[in-house]
Amino acid sequence: ASKVGREHYASSNLKIYRRVKPPPKVNKPKKPENVVGQSEYAENLVKVQMISRNLHAQLFPQSPRSISEQQVTSAKVYKDELRRHGVDIESCAPVPDVQLKLPTLRGANIEEHFLNIAKEQVQAYEELLLPLVQCQELPKRPKRWAFFAGWTAYDPDDGTATPVDQPLEKGLIFDVEVCVREGQTPVLATAVSTKRWYSWVSPKLTKHRMSIPKSEPLDVDTDSERPHHSADELIPLGTCGPGLIVGHNVSYDRARLKEQYLIEDTDTRFVDTMSLHMCVSGVTSYQRAMLKSKKEPAPEDLGWLEQSSLNSLVEVHRLYCGGEPLSKEPRNIFVEGTLDQVRQSFQSLTNYCAGDVEATHRVLQVLYPLYAERFPHPASLAGMLEMGSAYLPVNSNWERYIREAQLTYEDLSIEAKYHLGRRAEEACSLLLDDQYRQNLWLWDEDWSVQELKLKQPPKRKPLPREERQDPGNTAEQRRLQAKFQHLYDQRSLLPARRPLLPGYPLWYRKLCRKPPTKKNDEILEDEEDSWSPGATEISTGMQIAPKLLSLCWEGYPLHYEREQGWGFLVPFRSDAEEVDRLPMDELLARCPVPEFARQCAAKAESDLALDMLAGQVEQHLGKREHYKKLSQKQQRLETQYRGSGVWCNKVLEDCCFFLKLPHKNGPSFRVGNPLSRDFLNKFSENVLSSGDPACQAAARVIEIARMMSYWRNNRDRIMGQMVVWLDAHQLPKELSGVQYLSYGAICPQVVACGTLTRRAMEPTWMTASNSRPDRLGSELRSMVQAPPGYRLVGADVDSQELWIASVLGDAYACGEHGATPFGWMTLSGSKSNGSDMHSITAKAVGISRDHAKVINYARIYGAGQMFAETLLRQFNPTFSASEAKAKAMKMFSITKGKRVYRLREEFHDELEDRAYSSYEASRIAIQRNRTLPEVFYRPNWQGGTESAMFNRLEEIATGPQPQTPFLGGRLSRALEADGGPEQEQRFLPTRINWVVQSGAVDFLHLMLVSMRWLMGPHVRFCLSFHDELRYLVKEDLAPKAALAMHITNLMTRSFCVSRIGLKDLPMSVAFFSSVEVDTVLRKECSMDCKTPSNPHGLRIGYGIQPGQSLSVAESIEKAGGNDVSQWPWIKQT
Amino acid sequence: SQDDNKLELLSHGREYANLLQQHWLRLRPLAAHLGDTRESSSTSNQQRFSFPQSQQFRTNFQRLLDDHPRKAKCPTLLKHQSTCSSAHRNPLFEMNSPSLLLTTDFLVEPHRALEHFYNMQRESKIWWMRLSSNPSRYRIVPCDLGEELSPKNYQAIDIRSSYGEAGEVTVEQLSLVRIEDDKDFHLPDARTGESVQPTVIRSVIRLETATCALLLDGCDHGRNEQSLLLNPLLAPYQCGIACVESDSELSKDLADLCLHLKHVINHAGLRLCQGSGFASTKDTSHLAEHLLESDMLGVPYTLVLNEKTLRNGLMQLRSRDTRLAETIHISDVPDYLLNIFKN
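So the sequence lines, in the order shown, correspond to chains Y and L. For the first sequence, the numbering used here gives the first residue as 1199, with consecutive numbering after it. For the second sequence, the numbering used here gives the first residue as 7, with consecutive numbering after it.
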């Protein structure tokens, strides 16, 4: 292709020739051996640069590049279409070519290669798994369980118990029990192999001494509230692999296995029946809600309900095995009971645990064959096994991080509270001369005060004497004490329950605590609990807080109404006459009657009269009518109001409107706290602000609230991470000598396939936010730190899902990379010259690129126009509903295109065979008294940049047995269940989303397989979420691992395009833009992760240097050359 | 002009400085307090890190070993005061020299030095925040060390108090210096007993500068009222007494009652407003004037008595910050007041 193109341009004008300048060698002048000149350059018919020739020859050996006449003709059509959508195909600059000697493919082509290497990788595990699956009858469960600490093996014939160090077989079905109240460590476990049963009992339960005295694991001050686990509390399985453990939600059990925390991988892998179940019968969140609900299911739901269940072992067992439901009764002792109770019911609890093992086996027997049938490619299983072995190394900095985050959090909350308290004190003085009546925020608070009154003295009896402890030193002092003793005696006349702060307004008193009455009380009270004066009980969550901060929305003062929640006041009259409580003069001084309300005010007199009249006349007609009238008037106003407040039919004192604050869930919801997380961002947009410019406190309180929200929402999960600290003898030799730092690890409890689309799930790490300067604790990820001598190597797949979606469209519609506008923008568009898809959409619709990006993704994930509209309004509170609607519509017509219908052949005689709009189509169908599908084929998308992609996705998604494009994995039975065209429509967005996301999961699994092939045992899988992949590698092999990552990207993409019929790969997606070689797990190796809890950053605060970010060329150089085929550990055939 | 910026503490200011110093002594109470050290020192930026070589530091270290043998382990704390002759300028004002330096030396295990350093930063910042009328004005500013000082061995931050556009005042300096290869300078690690060369974290507060910074803080609050928002714990006057005598017949008794309360309050250890100990006012407007004056002096609370007090013992406790008064009974004095000033 390139040759044709090149000559063509060489003969055309100079300007164009210049644009296609040869790859700039200047980037990498030092390495001529891996960057070569023009001879390596290639581009396709739409001028997308393709992988270098040497790479193509190695990856697609049977498909030499060639171009037919027909292709040249169709290329013209593609180019026209591209131009029509504003794509300038000359605009992209070429990237340097790459020369690599890859190891020989394991098979005739890239597809066979992946099949073979994946097969090899799972072989050892399948050999352990299949006997378990095929085992018809498990060994007999022993009658009695031995109460020995550690492992016990049971003779399958007579049940004799023999203590063993660890199970003798390598394939086990396994279940652990934890006594939740006693902590996270295991108390007992059972396992079965095809040969015999095993049980494990914690020394804690048998009250044996631990074999090794517990050493203090950390150099830092240990926080007594959080337990510190050592590996010796966990269950040993031995270090000799490969081993295979089957369990339901097995990652929970895995986190309690000792060797999993060692830095060296032991090659034990885990098969999770829950993940298998999700693959075979997973459900959408809507379906999950249906499964949970106790209501009678609707008839259209019956189909899939039979094919699925919730994820618990009981439910999964019921689904696949039926029969007697499993009893979960004994589990309560583990959840609520003490160790003693576990001890007392040891036999029955161990039997319960063994019962779960047996149930897991029965599930596996049925489920695994289903899985194997539906996910035929071995890479799927290989990927799942790898995903289940995530490993996060940490050190003492983990403890420091938690401590600093917690302290910073406390400091900030004290600071916020202090500011609010000060504002409250200040506001108190508004009581003087009733000034509060003029305060726009506090006028409707309860300002009533209490008085302190003495009771009537008893008539006859003298008052009891109130003794003073110290009458004084001098005669004069004693005289005065005596003189006023009678006043002291009146203490008995004080009310028994003293009013709090007599003389202060009620709202303030509510914020204060009662002072201790007697000195004795103080002694009883805790130090922290000691009383202090002032509004100590105040917090940002209180209703008074936004008022004390004088908050405004779009410039109008906030106001709270019990029924509507938080809103704001907009005046519509310019006088304050007859306004009773509301400080109208002040409101008008601050906010003049706005234009839209003035229309009402201009005609105020007549309108008012008319309104009054209507009200008076209709009084006897009932309130309903009257309100209707009012709402009509408001409807008119509503169309003119351009802000984001929500009309709620509320007028205060006939002088101003009350508009609700917009709630993210929709206009019918009431906003309970404008200082909550959802609103914090609005402050930066100046929509929500303090109405008192002198009040810096408001800005600061809001800033603090924003800083604290991340930690508040995540700290329980973070602090609950089970960190297991390693003893010196458990560390590699190189590490045991390093003083003062402790090393440990977290085995994140990843569900290998946790969603319908088989994405992995884990609550803490997979959702971990990037570090942000205003987010306390958001340095979380960087606290995963490689031990000395190791590196974390990894990369993010560049716009993975966009590429998958677009390449499906390209392959389907044109058979050429980048031939659809969406495809071209994904491959060659760049942010810098505004030719990428987000920039183009943003420009076309007139919104910011960031907003366009979110909406673009939403659309590709299957979201509709309505959703885009909601997002647009959320991003731009100033957009009116119609504006948002127009923009969303425009965006959809540009991108997705128009839906058109084609006639079925039998109607070609009557009607013209052309594209019909959905309106036309339904009219034609109605005219003929037929249903739409009887007359027309399934509609197509046309004319948009993404039409081809959506057509392809819908085609896959609506097939009778949808399969992922790359590995041929099937859709969950819950969505596959046949329910007719209506069902199809109902789950269509989910299915479309499934094609892309599940395709991305295939992509990830393939990468895992490829990395394992390229690096063998030299990398340890750390963590992957969605499009990100990280490995732990010895320092000296880190550059090779980085290069392996780049090659993995190349080969995985080559496999994917080959599967969908393309035999070439664009250069722009062939390699990662960079692979990070770093010591900590951060998004980019240069991030210093400064946050409120890490104010000095990683470099100064923790002494952590920036990592390296390696392009493919740099990786080749650092890895010692481009001949990968010579790496000794790669098996060559 | 330059002279306009020159500040000098008068009697009240000196009293305030004195109270601040007392408060400093109560912070980190486990420290070995060495009292005044004779030698005057200067704290130019160059010498910020060279103090471990100074004679004064060595003397102090020796005194720790000799006078406080039980505290002579790592980590430990030393406090001392010294006079500094060099003038010190900041963007807002200049103080007359000499000034008093309050120095805390924290001797810590070298491998945990950074951690201690950050803890100390936080502790110190919180201390200032608690004394202030606006805790958000404090920030920690890392000092640029330049190329030649390795951040492993040297670290320094200033705690600065900011006054909007007017500028910032450094109220405390923290510096970390790692001592290496010094034979005279060893302490046993408190946990392992192993002998280590401690890393020193030094905190220096210039008393007079800090006092002025806190007084400025009390004025810079953006309120309409001209109150001086001094922390109740440090306010030179914590409490005032005022009475309204509209009936001259009772004025003698009222005066006696005020006098009595003055004794009670003094006896309780609270700092009462100056002069005769109480103010007599003729009517409410006169009282308002008096209260305004008290607010400007930073007196947090004033007891207001009137002739009814003579009958039932009820009086008003008027607060500077809320400008409202709470009714209390004579038998609440002084316990209630002590409770208020406890924290």
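Built from N, CA and C at the ideal position, the CB exists for glycine as well. Predicted, not measured: the structure shown is a model, and the values here were computed from it.
Rounded to whole angstroms, what is the Cα-Cα separation between residue i and residue j?
i: L:Val147; j: Y:Gly2295; result: 13 Å
i: Y:Leu1709; j: Y:Met1906; result: 22 Å
i: Y:Gly2197; j: Y:Ile2002; result: 7 Å
i: L:Arg136; j: L:Pro35; result: 17 Å
i: Y:Met2265; j: Y:Cys2283; result: 24 Å
i: Y:Thr2332; j: Y:Ile2302; result: Past the boundaries of the shown model lies residue 2332 of chain Y; chain Y is included only from 1199 to 2331, so the question cannot be answered.
i: L:Ser337; j: Y:Tyr1706; result: 25 Å
i: Y:Gly1189; j: Y:Ala2086; result: Examination of residue 1189 of chain Y is not possible in this model, given that chain Y is present from 1199 through 2331 alone.
i: Y:Gly1357; j: Y:Ile1371; result: 18 Å
i: Y:Arg2102; j: Y:Val2133; result: 6 Å
i: L:Arg166; j: L:Leu239; result: 22 Å
Can you check which of these residues, the options, is closest to residue i by C-alpha distance?
i: Y:Tyr1518; options: Y:Ser1507, Y:Cys1551 and Y:Pro1528; result: Y:Ser1507
i: Y:Ser2271; options: Y:Tyr1569, Y:Leu2025, Y:Asn1637 and Y:Glu1241; result: Y:Leu2025
i: Y:Thr1738; options: Y:Gly1763, Y:Val1899 and Y:Glu1784; result: Y:Val1899
i: L:Leu320; options: Y:Val1374, Y:Ala1950, Y:Pro1693 and Y:Arg2121; result: Y:Pro1693
i: L:Ser252; options: L:Glu186, L:Thr205, L:Cys279 and L:Glu313; result: L:Glu313
i: L:Glu171; options: L:Pro97, L:Arg145 and L:Lys131; result: L:Pro97
i: Y:Tyr1607; options: Y:Leu1974, Y:Gln2125, Y:Leu2212 and Y:Pro1337; result: Y:Leu1974
i: Y:Met1959; options: Y:His2224, Y:His1575 and Y:Gln1247; result: Y:His2224
i: Y:Ser2170; options: Y:Arg1956, Y:Ile1287 and Y:Phe1468; result: Y:Arg1956
i: L:Asp327; options: L:Ser300, L:Asn318 and L:Ile334; result: L:Ser300
i: Y:His1283; options: Y:Ser2091, Y:His1515, Y:Gly2259 and Y:Asp2107; result: Y:Ser2091
i: Y:Pro1872; options: Y:Cys1750, Y:Trp1909, Y:Pro1384 and Y:Val1376; result: Y:Cys1750
i: L:Ser334; options: Y:Gly1701, Y:Ser2120 and Y:Glu1288; result: With the sequence shown as reference, residue 334 of chain L is identified as Ile, and Ser is not the correct amino acid for it. It is Y:Gly1701.
With a Cβ-Cβ cutoff of 8 Å, do residue i and residue j count as a contact?
i: Y:Thr1558; j: Y:Thr1388; result: no
i: Y:Ser2116; j: Y:Pro2131; result: no
i: Y:Glu1584; j: Y:Phe2219; result: yes
i: Y:Ala2056; j: Y:Phe2065; result: yes
i: Y:Tyr1323; j: Y:Pro1340; result: no
i: Y:Val2207; j: Y:Gln1260; result: no
i: Y:Ile2058; j: Y:Val2194; result: yes
i: L:Leu2; j: L:Pro204; result: An answer regarding residue 2 of chain L cannot be provided, because it is not within the stretch 7 to 349 covered by chain L.
i: Y:Leu1990; j: Y:Leu2230; result: yes
i: L:Val202; j: L:Pro116; result: yes
i: Y:Lys1317; j: Y:Pro1576; result: yes
i: Y:Leu2333; j: Y:Leu1746; result: The requested residue 2333 of chain Y does not occur in the structure, where chain Y is confined to residues 1199 to 2331.
i: Y:Thr2039; j: Y:Ala2050; result: yes
Inset, instruction - Ignoring anything shorter than 4 residues or poking outside the stretch 1698-1767 of chain Y, list the alpha helix (DSSP H) runs there in chain order. - result: Counting only runs of 4 or more residues that sit fully inside the stretch 1698-1767 of chain Y, the alpha helix (DSSP H) segments are 1704-1707, 1717-1722 and 1742-1746, in chain order.
Legend entry - Against chain Y: residues of the stretch 325-346 of chain L by CB proximity under 9 Å: Closer than 9 Å at the C-beta level to chain Y, one finds these residues of the stretch 325-346 of chain L: Ser325, Asp327, Thr328, Arg329, Leu330, Ala331, Glu332, Thr333, Ile334, His335, Ile336, Ser337, Asp338, Asp341, Tyr342, Asn345 and Ile346.
Inset, instruction - Note down, in chain order, all residues in the stretch 228-260 of chain L with a beta-carbon under 7 Å from any beta-carbon belonging to chain Y. - result: Listed in sequence order: Gly228 and Arg229.
Inset, instruction - Return the chain-ordered ranges of every alpha helix (DSSP H) run that is complete within the stretch 1911-1963 of chain Y and spans a minimum of 4 residues. - result: Fully enclosed alpha helix (DSSP H) runs of 4 or longer: 1931-1934.
Legend entry - Complete alpha helix (DSSP H) runs within the stretch 2001-2034 of chain Y (minimum length 4 residues, chain order): Within the stretch 2001-2034 of chain Y, the complete alpha helix (DSSP H) runs of at least 4 residues fall at 2019-2026.
Legend entry - Near-chain Y residues of the stretch 116-129 of chain L - C-beta to any C-beta below 8 Å: Against chain Y - using a Cβ distance shorter than 8 Å - the residues of the stretch 116-129 of chain L are His117, Arg118, Leu120, Glu121, Tyr124 and Arg128.
Legend entry - Contacting positions in the stretch 1612-1623 of chain Y - beta carbon closer than 9 Å to chain L: From the stretch 1612-1623 of chain Y, only Ile1612, Glu1613, Tyr1616, His1617, Arg1620, Ala1622 and Glu1623 have a Cβ closer than 9 Å to chain L.
Legend entry - Segments of 4+ residues assigned as alpha helix (DSSP H) that fall wholly inside the stretch 2044-2119 of chain Y: Considered as a whole, the stretch 2044-2119 of chain Y harbours 2047-2058, 2063-2073 and 2079-2093 as its complete alpha helix (DSSP H) runs of no fewer than 4 residues, in chain order.
Legend entry - Sequence ranges, alpha helix (DSSP H) only - wholly within the stretch 1552-1606 of chain Y, length at least 4: Whole alpha helix (DSSP H) segments, 4+ residues: 1576-1585.
Inset, instruction - Check distances from the C-beta atoms of the stretch 1639-1650 of chain Y to those of chain L and list, in chain order, the residues that come in under 8 Å. - result: Residues passing the 8 Å Cβ filter: Glu1649 and Leu1650.
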